[in-house]
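Reading through the structure tokens given below for one structure.
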Amino acid sequence: MKTTSILMSTAIGTLLAFSAVTAQGGAHEGAGAATEKCYGVAKAGENSCAANGHSCQGQAKTDKDPNEWKKVAQGECAKMGGSTTAPKPAA
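Written as structure tokens, this is what we have:
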């Protein structure tokens, strides 16, 4: 009986851990699909990663800030009105 309880606890723990990873998008995000950074299309709070003076995704303060980027499918950036190159820093 004790072995059965241990096995069930392990199985449930594994399932919960896997669920947490997939809920964050880490396990399957972009698997096999070509993507590119697209500058100037992210809405406030929807940028993909660190940029523009902050260190994490979801911290863009304004919509379509040219210094913020979002990961999009290859070829979609131009259709969205963005740029695949980072803006040049102000001199």
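Quick note on this note's numbering: the sequence shown kicks off at 19 and runs consecutively. Glycine included, each C-beta is placed from N, C-alpha and C at the ideal position. These numbers come from a predicted model, not from an experiment.
Point to revise | Buried or exposed by the 16-neighbour rule on C-beta atoms within 10 Å, applied to Lys-88 | key: Counting Cβ neighbours within 10 Å, Lys-88 comes out buried, since at least 16 surround it.
DSSP-derived helix/strand/coil call for Met-98
Assignment of Met-98 by DSSP, reduced to helix, strand and coil, places it in the helix class.
Can you give me the C-alpha to C-alpha distance between Lys-79 and Gly-63, rounded to a whole angstrom?
Answer to the nearest angstrom: the Cα atoms are 6 Å apart.
- [ ] Would you give the residue range spanned by the beta strand (DSSP E) that Glu-54 belongs to?
- [x] Boundaries of the beta strand (DSSP E) harbouring Glu-54: 53 to 57, taken from the DSSP string.
- request: Starting from Lys-88, follow the beta strand (DSSP E) in both directions and report where the run begins and ends.
  value: Under the DSSP assignment, Lys-88 falls in the beta strand (DSSP E) whose first and last residues are 87 to 91.
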